[in-house]
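One structure is given below, encoded as structure tokens.
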Amino acid sequence: MAILNEEQEMLRDMARNWTTSESPVAAWRKVRSEKPVEGYSPDAWKTMAEMGWAGIVIPEPFGGSEFGWLSAGLVVEELGKTLTASPLVATTLAASAIVLGGSDEQKGKWLPKLASGERVGTLAFDEGPRHDGRYSAKVEGGKLTGTKAFVHEAHGATLFVVAAADGLYLVEKGDGVSLSDRKLTDQRSHAEVTFNGAAAEKLTGGGDTLLDDVLDRARILTAAEMLGMAQQVFDVTLDYLKQRVQFNQVLASFQALQHRMADLFGDLAMMRSAVEGGLEALDSGFGIARAATVAKAEANRVLHTMSREGIQLHGGIGMTDEYDVGFYLKRARVLEASWGSTSYLRNRFATLAGY
Amino acid sequence: MATLAEPQAASTDDAFREEVRAFIEKNFPPELKGKGNALASVEGPTQEGPAEKAWREAMGARGWGVPTWPKEYGGGGLTRKQAHILNEEMAKAGAYNPIGGMGVMMFGPTLLEYGSEEQKREHIPPIARGEIRWCQGYSEPNAGSDLANLQTFAEDKGDHYLVNGQKTWTSGGQWADKCFAIVRTDRSDKHNGISFMLIDMKDPGVEVRPIQMISGMSPFCETFFTDVKVPKKNLVGKEGQGWTIGKRLLQHERTNLSGGGSMARLMGNALSDIAKKYLETDENGELADKVMRDRIADFEIRWQSFLLTAKRAVEESKAAGGVSEISSVLKKLGTKLGQERAELLIEIQGLQGLGWEGEGFSDSELSGVRAWLFGKATTIYGGSTEIQNNIIAKRVLGMLDHQ
Ligand SMILES: Cc1cc2nc3c(=O)[nH]c(=O)nc-3n(C[C@H](O)[C@H](O)[C@H](O)COP(=O)(O)OP(=O)(O)OC[C@H]3O[C@@H](n4cnc5c(N)ncnc54)[C@H](O)[C@@H]3O)c2cc1C
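Order-wise, the sequence lines are chains A and B. 72 is the number of the first residue of the first sequence in the numbering used here; add one for each residue after it. 22 is the number of the first residue of the second sequence in the numbering used here; add one for each residue after it.
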């Protein structure tokens, strides 16, 4: 665990207390059955915003707290543990695009609204089911046209940061923006979003690497959510093995299972270091591309294994909807495929390293 | 001698092949071509239209749904070679075997070995005709991997047993007509106090409650028995012999679960062919993503080796006479590979491979997701992978028990 300052410890404890008492997995079950249009509980989102979570990476002059990425990661990790449905990650990423590439006017107009939670933002990048870094959406005379596949949290979003062939644009929900549901196995908000001559404003700052910089933030913050999920599957599985009796012994007494858990514990340590390394790279501003690739690739690898092992070690009960462990498996694959699958990231790592 | 016998055998095989072709030509309704749902056994009974019914009855009348079972009990009485020819010809014609389920896979072979003449005459023919669905009453809340810990009790009441207790994870319990169950008849002996009996699911006192799974389906149940009367004639083997019979049935289950056959069908097309549809190819027609290409090749190589292993194991155990401990190895390997394939498939498809319902996904994408989730059970049921490892280590390799 990274060394936290007092502020960060308080933030993490606050997040942990809130998720455990107000937003346990039971809250996600409720969202799943009540199906609010946004895909999350608006009340829960309001509370999160009041706690200042939406403004963690936003500078103070624009209404944020500027606590930094490690702090944002701590909160997102806690939300991942209980599978809290919220647009916090999406909004934070949209805000970061504006922080990096927006003009003073754009920052002044949007960041305070994102920081307060009044507006929900999201990234609309990929045009196919796999992240490949190619965008054909076009802007002519300030109007954007193109279709984006599988946009996270699209239903609650009113501000889209859209990747076009020549850069990033801000598009507000409204004329020329239409949604078509894409119900994925995690049952969270995903949609295909079509922009048909929608009014778009370019983010002109941030230099040539703006898109990659935003994507790396997406990889790292998503990896933080995955870290929370992996940690939770591990903890729940360990508890289960310590109480389930077969052959007159608790399962935890079988060496075959002890060694499996020991292996997973090692993997989890690597994942945590990779994710925290990514968050710290963002805060320091050094070596971000490589750190982001390592963070998401390790998150993909370890959560993949952890989510499978979680089911297997629970036995038949793990296959039931009544137990939570299956939810993590389903969400895991969606996040694995987002912002770079394992093979994409391995290729990118080699390219970055020049081999 | 051999030189004389061979051409003769070949010509009878050819004649049989002709017979099969003619049969399929005459009886297989062309509109059913390519149907036959790999998940049928878990999705419950599908609507059987007139064409499906006619095909099932035609196959049932010949006994070809269970081609190697004895003719006298409604089987096909075919040799393995002939059964193989039958499969080949069906595959060529896009036909499928409409008769299956637990009765065919595990209960039938076990009853053929341990049942009385009367029991075989009563129970085997309806299985061979695909008229009866059986479910497996083994697991209980506290008897999963430790199956012999089961507590459902059958009390001897003279002409019948009175059964009380709870089973769980009963696949297809809500659609089954009958249940083959292991129950306790003696509380003083863990293994020798178990008996194997047949319970009618329609009898008073039998109640099922479906359990919802992570795949969204509810194909398995909690099954409760309250004062269920089971006639003595439904005891298979002797009282106290249930553990031996029950374990034999599990060997059949394993062979089928890992099996070249059902697994290969579940597998469908080669991953590489699917990958070419979803991923970019370069000017040579090869997958452009070299990491993905490497991982698919790695999988396909191991899958080929598994198929060869399954084939070799079948031949060797046939030569040695019957099912063997190798079923544990096959189950462990085959189920793992099946899961790996499902994971790779969704990775190849990206988010398109993770659809849950609604717009934007093809039928095969949606069913692939359910199959991926359901497939997580294959390393748990029928004796989990860990239990297979224990069997291999102790019974096959002679390693010692943990003290
Ligand atoms: C989809 C599905 C369908 C099923 N259908 C049927 C059915 O039709 N009829 C029926 O009777 N049952 C059925 N089962 C039940 C199945 O056989 C049991 O789930 C299985 O035997 C495992 O038992 P359990 O679930 O109690 O897990 P547990 O025994 O609690 O095991 C939990 C974990 O611990 C491991 N473990 C247990 N003991 C050991 C050990 N000694 N050493 C190392 N590891 C160990 C297991 O491998 C597993 O990973 C089904 C199960 C599923 C998931």
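Yeah, the Cβ is synthetic: ideal placement off N, Cα and C, and Gly gets one too. Since we're looking at a predicted model, the values are computed, not measured.
(message) Which residues in chain A have a C-beta closer than 8 Å to the C-beta of residue 370 of chain B? List them in chain order.
(response) 200
(request) Kindly indicate if chain B contains any beta-carbon less than 8 Å away from that of residue 390 of chain A. (result) yes
(message) Let me check one thing: in DSSP terms, what residues is residue 231 of chain B bridge-paired to?
(response) B:242
(request) Check the Cβ of residue 234 of chain B against every Cβ in chain A and list those closer than 7 Å, keeping chain order. (result) 390, 391, 392
(message) Give me, in chain order, the residues of the same chain whose beta-carbon lies closer than 6 Å to that of residue 129 of chain A; leave out the 5 immediate sequence neighbours on both sides.
(response) 135, 166, 182, 186
(request) Can you say whether residue 230 of chain B is buried or exposed, counting buried as having 16 or more other CB atoms within 10 angstroms of its CB? (result) exposed
(request) Report yes or no: is there a C-beta of chain A within less than 8 Å of the C-beta of residue 250 of chain B? (result) no
(request) Enumerate, from N- to C-terminal direction, the unbroken alpha helix (DSSP H) stretches of 4 or more residues contained entirely within the region 245-288 of chain A. (result) none
(message) On the criterion of 16 or more Cβ atoms from any shown chain inside 10 Å, does residue 357 of chain A qualify as buried, or is it exposed?
(response) exposed
(message) Give me the chain B residues within the contact set of residue 404 of chain A, using Cβ-Cβ distance strictly less than 7 Å, ordered along the chain.
(response) 367, 375
(request) Could you spell out where the alpha helix (DSSP H) holding residue 177 of chain B opens and where it closes? (result) Note, residue 177 of chain B: premise wrong, no alpha helix (DSSP H); beta strand (DSSP E) at 174-177.
(request) Whole angstroms is fine: what's the gap from residue 215 of chain A's alpha carbon to residue 108 of chain A's? (result) 25 Å
(message) Going by DSSP in three states, residue 81 of chain A sits in which element: helix, strand or coil?
(response) helix
(request) Could you list which residues in chain D have their beta carbon closer than 9 Å to that of residue 316 of chain B, in chain order? (result) The structure shown contains no chain D; its protein chains are A and B.
(message) Residues of the region 234-264 of chain A in Cβ contact with chain B at a cutoff of 7 Å, in chain order, please.
(response) 251, 252, 253, 254, 255, 256, 258, 263
(message) Among A:393, A:138, A:373, A:407, whose alpha-carbon lies nearest the alpha-carbon of residue 237 of chain B?
(response) A:393
(message) What are the residues in the region 379-394 of chain B lying within 7 Å of chain A by C-beta distance?
(response) 379, 380, 381, 390
(message) So if I threshold CB-CB distances at 7 Å, which residues from the region 32-61 of chain B count as touching chain A?
(response) none
(request) For residue 315 of chain A, write down the residues that DSSP places opposite it in a beta bridge. (result) According to DSSP, which records beta bridges pairwise, residue 315 of chain A is partnered with nothing at all.
(request) Tell me whether residue 54 of chain B counts as near ligand 2, meaning its Cβ is closer than 7 Å to at least one heavy atom of that ligand. (result) Because ligand 2 does not appear in the structure shown, any question about it cannot be addressed here, the ligands present being ligand 1.
(request) Could you tell me if residue 399 of chain B is buried or exposed, where buried requires 16 or more neighbouring beta carbons within 10 angstroms of its beta carbon? (result) buried
(message) Determine whether the beta carbon atoms of residue 403 of chain B and residue 271 of chain B lie at a separation below 8 Å.
(response) yes
(request) Give the residues from the region 366-383 of chain A that approach chain B closer than 9 Å (Cβ to any Cβ), ordered along the chain. (result) 375, 379, 382, 383
(request) Consult DSSP for residue 190 of chain B and reduce its assignment to one of helix, strand or coil. (result) strand
(message) Helix, strand or coil for residue 51 of chain B? Go by DSSP, reduced to three states.
(response) helix
(message) Taking 8 Å as the threshold (beta carbon to beta carbon), is residue 386 of chain A in contact with chain B?
(response) yes
(request) Might you give, ordered along the chain, the residues of its own chain that have their beta carbon closer than 8 Å to the beta carbon of residue 12 of chain B, omitting 5 neighbours on each side? (result) Any property of residue 12 of chain B remains undetermined from this structure, which presents chain B solely from 22 to 424.
(message) Would you say the beta carbon of residue 126 of chain B is closer than 7 Å to some non-hydrogen atom of ligand 1?
(response) no
(message) Just to confirm before moving on: does the CB-CB distance between residue 141 of chain B and residue 182 of chain B stay below 8 Å?
(response) no
(message) I'd like to confirm the pairing. Which residues does DSSP put opposite residue 307 of chain B in its beta bridges?
(response) For residue 307 of chain B, which the question treats as bridged, DSSP gives no partner whatsoever.
(message) Any heavy atom of ligand 1 inside 7 Å of the beta-carbon of residue 72 of chain A?
(response) no
(request) For residue 118 of chain B, count neighbouring Cβ atoms within 10 angstroms of its own Cβ and tell me buried if that reaches 16, exposed if not. (result) buried
(request) In the DSSP assignment, find the unbroken beta strand (DSSP E) run with residue 231 of chain A in it and report its ends. (result) 230-235
(request) May I have the straight-line CA-CA distance separating residue 78 of chain A from residue 161 of chain A, to the nearest angstrom? (result) 24 Å
(message) Please give the ranges of any beta strand (DSSP E) in the region 155-232 of chain A, keeping only runs that are unbroken, at least 3 residues long and fully inside the region.
(response) 192-195, 209-211, 214-223
(message) Is there a C-beta anywhere in chain A that falls below 8 Å from the one on residue 243 of chain B?
(response) no
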